[in-house]
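>
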Amino acid sequence: MFFLKDLTHTITLHPSYFGPNMQSQLKDKLYADVEGTCSGQYGYIITVISILNFSKGKVLPGSGLAEFRVKYQAIVFKPYKGEVLDAVTSSVNKLGFFADIGPLQVFVSAHMLPNDMRYDPNSTLPCFASDDQVIQKDTQVRIKLVGTRIDAKEIFAIGTIKEDYLGVISS
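This is the structure in structure tokens:
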């Protein structure tokens, strides 16, 4: 699920960047440091929406670097157990398939597929097939998350398509 969160980040700036363009240097460094990263507490930081304020810089003794605390608003993506999401399969093997939901990769085990879906090793692309559905690389699927594990810098998830209204999305 996507959320709008108020977050803080500490930026250190080299003295060569002090001057009239310091605000833009701080903004650029903030975007480079936080966009596209994952925080275990908040999830994936998709984009910075606005910068609320910069603290006054403090010079660090011995190095001359200045430290700034920046408060900003960002859109974050944090998946939850039981959430239904649309994904694109990235790889298929006999144990199941991996699907990408933005920055999150979800594994769907062969045990979490409908009973009529079977792995077809003889097809040109590895796939799971039933009478009315085929799941292969780059197929759009609707997945329900059955579990997530959150580390400090990464989120792992497993999913299922074994329930009603889940599976291949017809286009």
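Just so it is clear: in the sequence shown, position 6 is 13 by our numbering, and no numbers are missing.
We put the beta carbon where it would ideally sit given N, CA and C, even for glycine.
The model shown is predicted, which means the values in this text are computed figures rather than measured ones.
#1: Are K72 and L20 closer than 8 Å when you measure CB to CB?
#2: Using the C-alpha atoms, what's the distance from G174 back to S23?
#3: Answer with buried or exposed for M124, where buried requires no fewer than 16 other C-beta atoms within 10 angstroms of its C-beta.
#4: So V95 and D145 are supposed to be a Cβ contact under 8 Å. How far apart are they, rounded?
#5: Between which two residues does the alpha helix (DSSP H) harbouring Q30 extend?
#6: In or out: A159 buried (at least 16 other Cβ within 10 Å) or exposed?
#7: Which residues in the same chain as T54 place their Cβ atom closer than 7 Å to its Cβ, once the five residues preceding and following it in sequence are excluded?
#8: So who's on the other strand from A73, going by DSSP bridges?
#9: Decide if the segment 111 to 123 is in contact with the segment 61 to 77; the criterion is three or more beta carbon pairs, one per stretch, under 8 Å apart.
#10: Per DSSP, what kind of secondary structure is A94 in: helix, strand or coil?
#11: Look up A117 in the DSSP assignment and say whether it is helix, strand or coil.
#12: For N129, tell me which candidate among K101, Q112 and S116 has the shortest Cα-Cα distance.
#13: Quick one, which of I18, L59, V91 and P68 has its alpha-carbon nearest I165's?
#14: Could you tell me the distance, in whole angstroms, from the CA atom of E170 to the CA atom of I52?
#15: Below 8 Å on the Cβ atoms is my guess for Q143 versus P133; work out the distance and round it to an integer in Å.
#16: From the DSSP output, which residues share a beta bridge with T131?
Result, derived from the coordinates:
#1: Note that residue 72 is Leu in the sequence shown here, rather than Lys. Going by C-beta atoms, L72 is nearer than 8 Å to L20.
#2: Computed Cα separation, rounded: 55 Å.
#3: buried
#4: For V95 against D145, the beta-carbon gap comes to about 6 Å, under 8 Å, which counts as contact.
#5: Counted as a single uninterrupted DSSP element, the alpha helix (DSSP H) harbouring Q30 occupies residues M29 to V41.
#6: exposed
#7: E42, A81 and I82
#8: L20 and V66
#9: no
#10: strand
#11: Helix.
#12: Taking only the C-alpha atoms, the option nearest N129 is K101.
#13: V91
#14: Cα-Cα distance, rounded: 30 Å.
#15: That pair is a contact at about 7 Å.
#16: T131 is not bridged to any residue.
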